[in-house]
Amino acid sequence: KAGVTQTPRYLIKTRGQQVTLSCSPISGHRSVSWYQQTPGQGLQFLFEYFSETQRNKGNFPGRFSGRQFSNSRSEMNVSTLELGDSALYLCATTGDQETQYFGPGTRLLVL
Amino acid sequence: GEDVEQSLFLSVREGDSSVINCTYTDSSSTYLYWYKQEPGAGLQLLTYIFSNMDMKQDQRLTVLLNKKDKHLSLRIADTQTGDSAIYFCAETPRAGGSYIPTFGRGTSLIVHP
Numbered sequence: 066k067a068g069v070t071q072t073p074r075y076l077i078k079t080r081g082q083q084v085t086l087s088c089s090p091i092s093g094h095r096s097v098s099w100y101q102q103t104p105g106q107g108l109q110f111l112f113e114y115f116s117e118t119q120r121n122k123g124n125f126p127g128r129f130s131g132r133q134f135s136n137s138r139s140e141m142n143v144s145t146l147e148l149g150d151s152a153l154y155l156c157a158t159t160g161d162q163e164t165q166y167f168g169p170g171t172r173l174l175v176l
Numbered sequence: 323g324e325d326v327e328q329s330l331f332l333s334v335r336e337g338d339s340s341v342i343n344c345t346y347t348d349s350s351s352t353y354l355y356w357y358k359q360e361p362g363a364g365l366q367l368l369t370y371i372f373s374n375m376d377m378k379q380d381q382r383l384t385v386l387l388n389k390k391d392k393h394l395s396l397r398i399a400d401t402q403t404g405d406s407a408i409y410f411c412a413e414t415p416r417a418g419g420s421y422i423p424t425f426g427r428g429t430s431l432i433v434h435p
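Chain order of the listed sequences is A and B.
The first sequence begins at 66 in my numbering and counts up one residue at a time.
The second sequence begins at 323 in my numbering and counts up one residue at a time.
Rendered as structure tokens:
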């Protein structure tokens with residue numbers, strides 16, 4: 066099976082812009098989770114989608130949103146970007162034994 | 323709280339054993355996990371242990387679980403330079419029916435010749 070894919074891999078934006086990141090899960094995996102990873106805060110959970118519905122949400126402001134499509138692909142959107150949004154954004158799908166399978170991430174730099 | 327704690331750094335000599343330690347908080351977690359992250363990559367599942375086990379061995383990897391002390395360790399035998407990476411411990415608390423894993427901050431393993 067192909068792994069989790071994320072696009073784009075790298076992105077540079079300026080403050081105030083918005084960005085959309087995409088994640089394609091492993092075939093057959095219906096749960097998609099998003100994480101933000103920064104050196105200061107570590108790995109922080111953003112939200113989880115299952116069957117096109119947001120099932121869990123982390124403690125992030127409303128500027129962070131997501132959605133999931135009927136084919137389980139997911140997108141996350143960050144509006145009004147701030148410098149502190151610079152991070153590695155990781156997508157993961159859930160397999161057996163609740164294990165998480167991660168994509169390579171999208172590295173976002175906000176200038 | 324839901325903190326998973328790990329030491330930040332570990333330095334070992336090539337060929338030695340590495341032991342990475344972790345403490346977790348939620349005794350309801352069914353599984354506990356170790357993930358590895360190499361530079362520029364996402365996290366890769368290394369191994370996991372079911373909470374009713376106290377040891378699991380998988381080639382060079384040995385996981386020890388002490389439920390009483392909520393302590394998890396990962397031992398890497400014959401550590402190689404390719405093992406240099408960040409290692410994350412994770413648990414999946416059951417609070418509220420959620421199965422969202424809680425990750426530690428990661429331990430940077432540095433293997434030197």
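Backbone N, C-alpha and C define an ideal beta-carbon position, used for all residues, glycine too.
Keep in mind it's a predicted model, so treat the numbers as computed, not measured.
- Neighbourhood of residue 363(B) in chain A, by CB distance below 8 Å: 169, 170, in chain order.
- Of the residues 401(B), 360(B), 354(B), the one whose Cα lies closest to the Cα of residue 374(B) is 354(B).
- Beta-bridge annotation (DSSP): residue 84(A) is paired with 143(A).
- With a cutoff of 9 Å on beta-carbon distance, residue 394(B) and residue 383(B) are scored as not near each other.
- When secondary structure is reduced to three states using DSSP, residue 403(B) falls in the helix class.
- The Cβ of residue 352(B) sits closer than 9 Å to at least one Cβ of chain A.
- The beta carbon of residue 98(A) falls within 9 Å of a beta carbon belonging to chain B, placing the residue at that interface.
- In this structure, residue 75(A) keeps its C-beta atom at 9 Å or more from the C-beta atom of residue 159(A).
- Neighbours of residue 414(B) in chain A, taken as residues whose beta carbon is under 8 Å from its own, are 163 in chain order.
- Under the three-state reduction of DSSP, residue 150(A) is assigned to helix.
- The C-beta of residue 124(A) comes no closer than 9 Å to any C-beta of chain B.
- At a cut-off of 9 Å, the C-beta of residue 423(B) has a neighbouring C-beta in chain A.
- DSSP places residue 121(A) inside the beta strand (DSSP E), whose first and last residues are 118-122.
- A direct Cα-to-Cα measurement between residue 165(A) and residue 81(A) gives close to 32 Å.
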